[in-house]
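In this note's numbering, the protein residues as written are 4 to 263.
Note that CB positions come from ideal geometry on N, CA and C, so glycine has one too.
Encoded as structure tokens, the structure appears first; notes follow it.
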């Protein structure tokens, strides 16, 4: 089995690329930090990789809305190569701002497949301010190829625009396996209530996949919970506790290795 190759995208305003890079490397992959300009100029570079990561941050300063400018650049100049990347079996992860980009680009949820068309958006939190807190996530039975529905994760969220807004024509269809994680309360139940749900997303939605199950966008940050001491209770935790964020990176790398 070959070592999976991961492209971690760099663009103006993205600020979580090094953590994402390090997490994938610890998970057993080989990574490259790829500037957006280089990828736009040479989209064929995608052929060398099995995983593409869109890290968190504030791409282009979130001018015109979170992820808007980067999504426009990608749709105009890289739309077809991205669809071809998924079609040949590539995996894509978008974290926080990366999720916002993938939603505006039209890669998520892409119900019905076909051309890129925005079907969902991520709007301002109902609290009307930036939220930075640890949240509990529960995995759902979904189409996602690398997420197990038994997962119960504790991850940090840090965003101002994380509330899912769904186009009317896909509102009912999105329940057909496109929701991957939901925010959970102290009883382990999906919730729309603040602060367990930091943004008020309907159905407690914290993550979505696409029609193929090979693209995942999520608002909370596994890249900020992939080392033991990232957890707020790490001094009290068992010495052998596996970091929750690392579970996701390892699952993607394992799938890419098995399919490679």
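With burial defined as no fewer than 16 other Cβ atoms inside 10 Å of the residue's Cβ, what is the status of residue i: buried or exposed?
i	result
residue 131	exposed
residue 168	exposed
residue 18	exposed
residue 20	buried
residue 135	exposed
residue 44	exposed
residue 5	exposed
residue 185	buried
residue 41	exposed
residue 64	exposed
residue 245	exposed
residue 87	exposed
residue 153	exposed
residue 242	exposed
residue 233	buried
residue 49	buried
residue 175	exposed
residue 67	exposed
Ignore the nearest five residues each way along the sequence and tell me which others in residue i's own chain have a CB closer than 7 Å to its CB.
i	result
residue 218	89, 95, 105, 110, 111, 212
residue 148	216, 217, 258
residue 70	62, 100, 103, 104, 107
residue 46	81, 84
residue 51	8
residue 166	125, 126, 127, 128, 129, 202, 203, 204
residue 22	226, 227
residue 24	11, 34, 36
Between which residues of its own chain and residue i is the CB-CB distance below 8 Å, once the five residues before and five after are set aside?
i	result
residue 54	7, 8, 9, 10, 27, 32, 93, 94, 95, 96, 255, 256, 259
residue 262	53, 92
residue 158	137, 138, 140, 223, 224, 225, 227, 228, 247, 248
residue 192	none
residue 163	69, 127, 128, 132, 133, 134
Apart from the five residues on each side of it in sequence, which residues of its chain come closer than 6 Å, Cβ to Cβ, to residue i?
i	result
residue 178	none
residue 150	142, 183
residue 237	231
residue 60	16, 17, 18, 19, 100
residue 14	39, 62, 73
residue 253	30
residue 251	225
residue 200	186, 194, 207
Using 9 Å as the threshold, is the C-beta distance between residue i and residue j below it?
i	j	result
residue 156	residue 225	yes
residue 210	residue 198	no
residue 180	residue 195	no
residue 122	residue 170	yes
residue 114	residue 173	yes
residue 98	residue 189	no
residue 77	residue 37	no
What residues match up with residue i in a beta bridge as DSSP calls it?
i	result
residue 185	141, 208
residue 159	137
residue 37	12
residue 60	17
residue 219	96, 212
With a threshold of 9 Å between beta-carbons, can residue i be considered close to chain B, or not?
i	result
residue 167	Absent here is chain B; the protein component of the structure consists of one chain.
Original post:
What runs of the beta strand (DSSP E), each 3 residues or longer, lie entirely inside the segment 82-131?
Top reply: Look at the segment 82-131 and you find these whole runs of beta strand (DSSP E), each 3 residues long or longer: 94-98, 123-126.
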